[in-house]
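Taking this note's numbering, the leading residue of the sequence shown gets 39, the next gets one more, and so forth.
Idealized CB from N, CA, C, for every residue including glycine.
Before any comments, here is the structure.
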Amino acid sequence: MSGPAAPGPADLRHHMSEYFRLERWEIPPADGEGFSAFGGRIPIDDHHRGAGGGLRTGALVTNLDSVGGFLSGLSVLPRWIVTTDLMVTVAHLEHRGPIRVHGQVLRRGRNAVVAGITAVDEGRDDRTVAAATGTFAVLDPGGMNLEFTRPAGMPMPPVNPDAPGPEEFFRIEPGLGPVTRLALADHLRNPWGILHGGAVAMLVDVASCRAVESAAVPSSGGTGSAAADTVLHYLRPARVGPIEARCRMLGGPPGRTLVRVAVHDVGAHDRLVALGAVTVLEV
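Take a look at the structure:
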């Protein structure tokens, strides 16, 4: 999943981390050997809470991807990475926050890095929130500026009282049904000019919940639905848009539905750009 040459050094594309106010910090190896780990902290602003009571899973996946991608990128300098697969198992949907994230390199090969990422709820005595495994392909970064002050880090961005909700920020069109559409706005592009993997994660979250809500008969008195365990495979870059998430419900026990999501770049001859599988819970 390589892209064109990256924009110049000024185009750092921190839109996702600034929106979610993700704080990140490098953890160098204690003995100076091996790869750095990486930490992160995510406050749970009210407009980021989902039906499950905590940070909605699309947002959680986005931030796990950011931490795993950054630590994987540092491990292959002067090259860089792009996400190819994410597998996220969600233990709890209700969080007090902030959520603290820890990531480490599990394997670095010539062409790919595998990272393990965990998330805990600091407001609930470090109760486990989620565990993830990510695979990141190694590529030539082109003109992207990869000069970092080490240990690398980013402070928590300030609160934005005018921040929009996720559907508005990610330009996800309103509606219900098996198909949900996203407009590919410029702030949703990564340094290579393609749709950020986090935007795909949020689209898949929203689309899978809408599909279930439009078709399901409530079985346990729940008032809504929330995405939980999520698997994402990034197949090709999405550059044109609009982007459609097309859902097919595969069934499951009452209150728990497995949804298969195919993500297409409609403006690029409708090509398939990502596949996802999401467990949607009635809450």
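Item: In the DSSP assignment, the beta strand (DSSP E) including Glu-64 goes from what residue to what residue?; Value: 61 to 65
Item: Tell me where the alpha helix (DSSP H) around Thr-100 begins and ends.; Value: 95 to 113
Item: Threshold first: 4 residues or longer. Then list the alpha helix (DSSP H) segments lying entirely within the stretch 164 to 248, N to C.; Value: 204 to 207
Item: Given that a residue counts as buried once 16 or more other Cβ atoms are within 10 Å of its Cβ, and exposed if not, what is Gly-107?; Value: buried
Item: Counting along the chain, where does the alpha helix (DSSP H) carrying Ser-263 start and finish?; Value: No alpha helix (DSSP H) contains Ser-263, which is instead part of the beta strand (DSSP E) from 263 to 272.
Item: With a CB to CB cut of under 7 Å and the five nearest residues on each side skipped, what residues in its chain are close to Gly-305?; Value: Val-278, Gly-279 and Pro-280
Item: Return the residue from the list Asp-303, Thr-317 and His-234 that minimises the CA-CA distance to Asp-267.; Value: Thr-317
Item: Quick one: residues in its chain with C-beta nearer than 6 Å to the C-beta of Asp-164, no 5 flanking neighbours on either side, listed in chain order?; Value: Val-158
Item: Would you report the Cα separation of Ala-300 and Ala-68, rounded to the nearest angstrom?; Value: 43 Å
Item: Just curious, the alpha helix (DSSP H) that Glu-282 is in, first and last residue?; Value: Unbroken run through Glu-282 is the beta strand (DSSP E), 281 to 289; no alpha helix (DSSP H).
Item: For His-140, which beta-bridge partners are listed by DSSP?; Value: Gly-77 and Thr-156
Item: Tell me, please, whether the stretch 64 to 83 touches the stretch 235 to 247 by the rule of three or more beta-carbon pairs shorter than 8 Å.; Value: no
Item: Opposite Asp-123 in the DSSP bridges: which residues?; Value: Thr-173 and His-271
Item: Considering only residues of the same chain and omitting the five flanking positions on each side of Pro-196, which have a CB-CB separation below 7 Å?; Value: none
Item: Among Val-114, Leu-102 and Gly-111, which residue has its Cα nearest to the Cα of Thr-127?; Value: Leu-102
Item: Could you compute how far the alpha carbon of His-234 sits from the alpha carbon of Gly-290?; Value: 30 Å
Item: Given a cut-off of 8 Å on the beta-carbon distance, is the pair Arg-117 and Asp-200 in contact?; Value: no
Item: Would you call Leu-50 buried or exposed, if buried means 16 or more other Cβ atoms sit within 10 Å of its Cβ?; Value: Note that Leu-50 has pLDDT 42, beneath the 50 cutoff, so the model's placement of it is unreliable and the number below is only indicative. Exposed.
Item: Three or more C-beta pairs under 8 Å: does that hold for the stretch 127 to 145 against the stretch 201 to 216?; Value: no
Item: Going by DSSP in three states, Glu-71 sits in which element: helix, strand or coil?; Value: coil
Item: Arg-162 by DSSP, collapsed to three states: which one?; Value: helix
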